[in-house]
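Residue numbers (the numbering used here), protein chains in the order written: chain V, 239 to 433; chain U, 3 to 250.
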């Protein structure tokens with residue numbers, strides 16, 4: 239019987255959607271938004287969310303894996319330093335999302351350890367994608383990674399500024415403990431322009 | 003009765019594609035990365051016997067209309083995407099059995115996911131493509147090597163409809179179109195990031211450079227050069243794909 243029940247429910251929902259055209263248009267995702275990718279994620283606290291749930295607020299995003307001792311601490315240090323250079327108001331307006339390229343080992347517990355070790359504030363979201371979504375997410379963010387025979391990964395390390403709708407506004411390669419000043423300026427400019 | 007109703011309301015589907023079981027093994031890749039000499043072990047997997055065809059891709063587009071050329075987000079495909087189709091949902095009058103082309107990596111990735119599959123990795127593709135109809139590794143044969151120069155053109159060894167399968171029973175790997183692989187973006191780092199200062203090592207977490215173990219393997223050199231120049235939203239009139247499945 240289930241298939242027969244589903245149709246009327248669907249048509250009611252569709253009817254509701256079509257009766258609110260203005261809302262639907264305002265809500266339409268830009269064609270170049272990275273949130274066009276449908277992906278489910280798990281955060282360090284075990285909470286499930288979708289990639290699109292990040293929409294609505296400015297986000298600085300990166301990709302890493304927790305069992306990484308060279309670049310990944312630099313990614314986090316750069317993000318924290320970026321926060322330090324913002325006013326209190328701007329700091330509260332900005333989310334930081336780091337997606338794992340190693341979802342097999344980066345369980346929520348492993349990600350929580352990273353968050354604790356670096357004393358990350360609640361604006362940080364360490365996110366575990368499903369295995370099959372890692373490449374797709376990396377592709378829209380232009381992050382290149384390769385698993386090595388010894389279990390480590392080579393990967394590009396970048397901080398990427400997304401606007402509220404998931405369009406890439408700025409990007410900088412992480413090369414040390416401090417973020418690129420030009421990137422910081424772009425973050426500040428965007429936050430100032432969209433209070 | 004219920005079954006009949008469900009059948010009648012299901013969207014049109016292409017016949018299920020044939021996947022060939024590939025026994026893995028030790029393999030010396032023609033390419034190598036810093037920190038990896040090119041010797042690798044390819045695990046067992048399954049690979050589509052033929053590249054995804056126009057008919058199969060049309061069925062996918064009808065079931066997932068967000069992948070129609072008039073609806074696909076710009077993030078996922080450039081303006082060439084399916085541009086050779088007569089209509090947004092119909093490749094007619096193209097040969098239904100010919101490989102689907104003008105397809106971006108994102109579209110190929112989505113297609114394979116929809117079949118509970120994935121794009122093959124480069125290493126898997128290279129492993130199976132080393133074969134000719136008689137040998138699983140025919141790469142040392144200079145005659146064959148020179149014939150593979152025509153890969154990606156209508157004169158390619160596997161371009162003809164009656165071209166024999168290779169020693170694994172896989173068809174068309176050296177055909178008129180090239181094929182996407184899942185990890186194509188790792189085949190070369192961006193050249194502008196590999197200028198040689200210390201920052202480069204950091205940017206790619208310690209290693210980047212790709213080099214070649216065998217500079218006589220033209221087919222692979224050419225293929226790597228092509229794929230590494232692509233963006234995941236790029237499309238080409240001679241670039242298609244096929245899917246793979248992992249095996250436990």
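Idealized CB from N, CA, C, for every residue including glycine.
- Residues of the region 69-95 of chain U that bring their beta carbon within less than 9 Å of a beta carbon in chain V comprise 74, 75, 76, 77, 78, in sequence order.
- According to the DSSP assignment, residue 372 (chain V) belongs to no beta strand (DSSP E) but to the alpha helix (DSSP H) extending over 372-379.
- The beta carbon of residue 67 (chain U) does not come within 8 Å of any beta carbon belonging to chain V, so the residue lies off that interface.
- For residue 56 (chain U), there is no enclosing beta strand (DSSP E); the enclosing alpha helix (DSSP H) has its first and last residue at 56-65.
- The Cβ of residue 97 (chain U) sits no closer than 8 Å to any Cβ of chain V.
- Against residue 107 (chain U), the close residues of chain V are 377, in the order they occur along the chain (beta-carbon pairs closer than 7 Å).
- The Cβ neighbour count for residue 41 (chain U), taken over all protein chains shown within 10 Å, is under 16; the residue is labelled exposed.
- Segment contact: the region 407-414 of chain V against the region 309-324 of chain V, three or more CB-CB distances shorter than 8 Å; contact assigned.
- Annotation: residue 27 (chain U) is outside any alpha helix (DSSP H); the continuous beta strand (DSSP E) that includes it extends over 27-30.
- DSSP places residue 301 (chain V) within a strand segment (E or B) once states are collapsed to three.
- The secondary-structure analysis by DSSP pairs residue 33 (chain U) across a beta bridge with U:214.
- Counting only Cβ-Cβ distances below 8 Å, residue 383 (chain V) has contacts in chain U at 188, in chain order.
- The Cβ atoms of residue 281 (chain V) and residue 346 (chain V) lie closer than 8 Å to each other.
- The continuous beta strand (DSSP E) containing residue 23 (chain U) extends over residues 21-24.
- Residue-level contact check: residue 270 (chain V) touches chain U, since one or more beta carbons of chain U fall below 8 Å from its beta carbon.
- The Cβ atoms of residue 183 (chain U) and residue 139 (chain U) do not sit closer than 8 Å to each other.
- For the region 229-249 of chain U, residues whose beta-carbon sits nearer than 8 Å to a beta-carbon of chain V comprise 234.
- Partner residues in the beta bridge of residue 101 (chain U), as assigned by DSSP, are U:55.
- Taking a beta-carbon distance threshold of 8 Å, residue 40 (chain U) does not count as an interface residue toward chain V.
- Excluding five sequence positions before and after residue 129 (chain U), the CB atoms of its chain that fall closer than 6 Å to its own CB belong to 29, 44, given in chain order.
- Taking the C-beta atoms as reference points, residue 374 (chain V) is found no nearer than 8 Å to residue 272 (chain V).
- Note: residue 367 (chain V) is bridge-paired with V:279 in the DSSP secondary-structure output.
- Chain U has a Cβ within less than 8 Å of the Cβ of residue 274 (chain V).
- The continuous beta strand (DSSP E) containing residue 411 (chain V) extends over residues 406-411.
- Taking residue 120 (chain U) as reference, the option from V:390, V:372, V:357 with the minimal CA-CA separation is V:372.
- Exposed is the label assigned to residue 266 (chain V), since fewer than 16 other Cβ atoms lie within 10 Å of its Cβ.
- Put simply, the backbone Cα of residue 216 (chain U) is about 43 Å away from that of residue 72 (chain U).
- In this chain, the beta strand (DSSP E) harbouring residue 50 (chain U) covers 47-50.
- Beta-bridge partners assigned by DSSP to residue 181 (chain U): U:242.
- Taken in chain order, the members of the region 116-149 of chain U whose beta-carbon sits within less than 7 Å of a beta-carbon on chain V are 120.
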